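Letter 157 of the sequence shown, counting from 1, is numbered 157 in UniProt numbering, and no numbers are missing. Input: a single structure, listed below in structure tokens.
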Amino acid sequence: MSVLIAGGAGYIGSTVASACLDRGITPVLLDNLARGRAEFTEGRIFYEGDISDGALIDRILSEHPDISTVVHCAALIVVPESVADPIGYYEANVSKSLDFVRHLHRNGVGRLIFSSSASIYQAEDGSPVTEDSPLAPQSPYARTKAVCEEMFADIAAAGKMRVLSLRYFNPVGSDPLLRTGLQLKRPSHALGKLIQAHQEGTPFPVTGVNYPTRDGTGIRDYVHVSDLAAAHIAAIDGFDSILTESKPSIAINLGTGSGTTVRELCAAFNRVVSTPLATVDTDPRPGDVAGGYTLSDRAATLLGWTPKLSLEEGIRSALDWIPVRDEMLKD
């Protein structure tokens with residue numbers, strides 16, 4: 001059994017590919033390497049190119065006729081960049097995704113697992129969300145994910161394919177065997193900033209301490225990237241029982257089901273490192289919100305999936321990945 005993973009040289013896609021290999025599924029990777037890394041494709045079936053390239057999609061599916069399911073992780077994902085270049089983001093994430101599903105449909109591939117995002121929710125006050133919570137994407141990047149979900153749902157309703165949208169919360173960590181991880185040397189998310197502050201010996205700024213959360217700091221739902229990959233395997237295995245002709249599309253949140261505040265994240269980090277990290281309270285940054293987390297049990301019900309790895313394990317694997325990354329990826 002083979003699965004096509006678009007964006008298979010990126011952080012999520014390469015981790016899903018590793019999980020496929022561990023499960024006995026052959027991952028076939030497609031990536032234009034705009035953000036993915038060729039190093040993550042070594043020893044794996046890999047096609048360099050774009051999801052909008054119809055001739056290439058035809059070739060891949062001709063050479064691998066056992067592909068019946070596609071995992072679509074290919075996207076640009078940097079929020080500030082999307083604000084500066086909305087045209088580029090709508091082209092890469094929406095227009096090319098439409099081209100992609102057209103090519104898949106033409107080749108008779110009707111199972112699509114789409115990498116969506118919890119950033120599409122109206123999660124501003126620290127409250128938990130479910131798949132039925134209001135949507136209010138706050139950036140061009142987030143809006144491209146929301147638009148793609150609606151576009152795919154319309155295509156599914158017309159009987160062209162079935163689509164499972166997996167809404168990721170906040171991935172952390174690396175592949176447990178350190179085969180792949182974050183490509184960036186200095187990630188901009190909270191854990192990346194914690195690691196940077198620890199390396200530089202500077203206090204970590206806690207931006208905002210008066211939010212309506214249990215300790216006043218922002219709250220997010222951090223899920224180990226390996227657990228996310230396991231959810232994709234569950235989605236591949238259970239696709240036909242989850243989606244039917246009468247229910248051709250659905251969204252599922254992927255998170256831990258419990259939020260972690262910034263102070264709790266710092267405490268977890270200090271439980272992992274040998275030298276505790278100091279923090280300093282500061283004002284919120286422009287545009288910052290309290291955040292939110294998922295309470296949904298839909299993933300457990302439909303996928304039979306619950307996260308297995310702790311936040312501390314995610315932090316530890318992120319730290320373990322740093323020297324491997326520096327050796328593997330020659331910037």
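Just so you know, even glycine gets a beta-carbon here, dropped at the ideal spot from N, CA and C. Bear in mind that the values here come from a model prediction, so they are computed numbers and not experimental data.
Are there 16 or more other CB atoms within 10 angstroms of the CB of residue i, so buried, or fewer, so exposed?
i: N93; result: buried
i: Q199; result: exposed
i: E149; result: buried
i: M161; result: buried
i: E264; result: buried
i: K308; result: exposed
i: I236; result: buried
i: D31; result: buried
i: P276; result: exposed
According to DSSP, is residue i part of a helix, a strand, or is it coil?
i: T15; result: helix
i: R37; result: coil
i: E48; result: strand
i: A301; result: One point to set straight first is that residue 301 is Thr, not Ala, in the sequence displayed. Helix at T301.
i: R316; result: helix
i: A263; result: The question names Ala, but residue 263 is Arg in the sequence shown. Looking at R263 - three-state DSSP - the assignment turns out to be helix.
i: G88; result: helix
i: H189; result: coil
i: N210; result: coil
Locate the alpha helix (DSSP H) running through residue i, then write down its first and last residues.
i: S226; result: 225 to 242
i: I25; result: Counting along the chain, I25 falls outside any alpha helix (DSSP H), and DSSP gives it neither H nor E.
Going by CA-CA distance only, name the one from the options that's closest to residue i.
i: A55; options: N107, L254, G216, T26; result: N107
i: F100; options: L277, A75, P137; result: A75
i: I77; options: A123, T260, Y11; result: Y11
i: residue 362; options: T256, Y222, R298; result: Residue 362 lies beyond the range of the chain shown here (1 to 331); nothing can be said about it.
i: M328; options: T294, A123, R37, W305; result: R37
i: R285; options: C20, Y211, D331; result: Y211
i: S226; options: S14, A9, G7, S2; result: S14
i: F169; options: P176, R35, A19, Y121; result: Y121
i: G255; options: T41, R111, E81, A231; result: A231
i: E131; options: R167, V147, A156; result: R167
i: A197; options: C266, G218, S133; result: C266
i: P248; options: S68, I5, S62, V163; result: V163
i: T26; options: A251, D320, P65; result: P65
i: I252; options: T306, L182, S246, F269; result: T306
Give me the Cβ distance between residue i and residue j, rounded to the nearest whole Å; I'm assuming they're in contact under 8 Å.
i: H105; j: I57; result: The Cβ separation is near 10 Å, so there is no contact.
i: P171; j: V280; result: So it is not a contact: roughly 27 Å between Cβ atoms.
i: F114; j: S165; result: 5 Å
i: V28; j: I60; result: 6 Å
i: V272; j: R316; result: 5 Å
First and last residue of the beta strand (DSSP E) that includes residue i?
i: H105; result: First-last for H105: 96 to 106, but that is the alpha helix (DSSP H), not the beta strand (DSSP E).
i: D281; result: 279 to 282
i: I5; result: 2 to 6
i: S116; result: 111 to 117
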